[in-house]
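A quick write-up on the structure given underneath.
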Amino acid sequence: MAGQFAKPRSADTETIDGVELPSYRGDIINGIEFDAAARVPDPERQISAYRQAASTLNLLRAFAKGGFCRFDGVHRWNQGFIAKAHKGPL
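Right under this line is the structure:
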């Protein structure tokens, strides 16, 4: 839920139109673009992925502790939305 950043691959390289490059291993490792610069592993990507995953988990934790995970509140949330919604033909 906080992100799938790594992609296991069956081959270390891929070839397109006779050009062989390292396989795309996921955003935590290298870029998806099929060029040599994008396929170089970049350790900064690990830090970015960690921060994004941590932010997502912190947000989910806040929602869980704040009552947003209680499904009995969904009807109440919808009532508030409907009360503010446009009334009339669309």
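Per our numbering: the sequence shown = residues 3 to 92.
The beta-carbon is built from N, C-alpha and C at its ideal position, and this holds for glycine as well.
As the structure is a prediction and not an experimental result, all values here were calculated from the model.
| message | In whole angstroms, give me the CA-to-CA distance for isoleucine 84 and valine 76. | response | In the sequence shown, the residue the question calls residue 84 occupies position 82. In the sequence shown, the residue the question calls residue 76 occupies position 74. Roughly 12 Å between the two C-alpha positions.
| message | Pop quiz: arginine 47 and isoleucine 30 are said to be a contact at Cβ under 8 Å. What is the actual Cβ separation, rounded to whole angstroms? | response | Taking the first residue of the sequence shown as position 1, residue 47 is located at position 45. Taking the first residue of the sequence shown as position 1, residue 30 is located at position 28. Confirmed, Cβ separation roughly 5 Å.
| said: Is any non-hydrogen atom of the ligand GDP found closer than 7 Å to the C-beta of isoleucine 34, if you look at the structure I gave you? | reply: As for the ligand GDP, it is missing from this structure, which has no ligand bound.
| So, are the CB atoms of phenylalanine 7 and glycine 28 less than 8 Å apart? | By 1-based counting over the sequence shown, the position of residue 7 is 5. By 1-based counting over the sequence shown, the position of residue 28 is 26. In this structure, glycine 28 lies closer than 8 Å to phenylalanine 7 by Cβ.
| message | Using the Cβ count rule (16 or more neighbours within 10 Å means buried), how would you classify alanine 87? | response | By 1-based counting over the sequence shown, the position of residue 87 is 85. When all chains shown are included, alanine 87 counts as exposed.
| Which value, in whole angstroms, describes the spacing of the CA atoms of lysine 67 and threonine 58? | Within the sequence shown, numbered from 1, the residue matching residue 67 stands at position 65. Within the sequence shown, numbered from 1, the residue matching residue 58 stands at position 56. Going from the Cα of lysine 67 to the Cα of threonine 58 covers about 14 Å.
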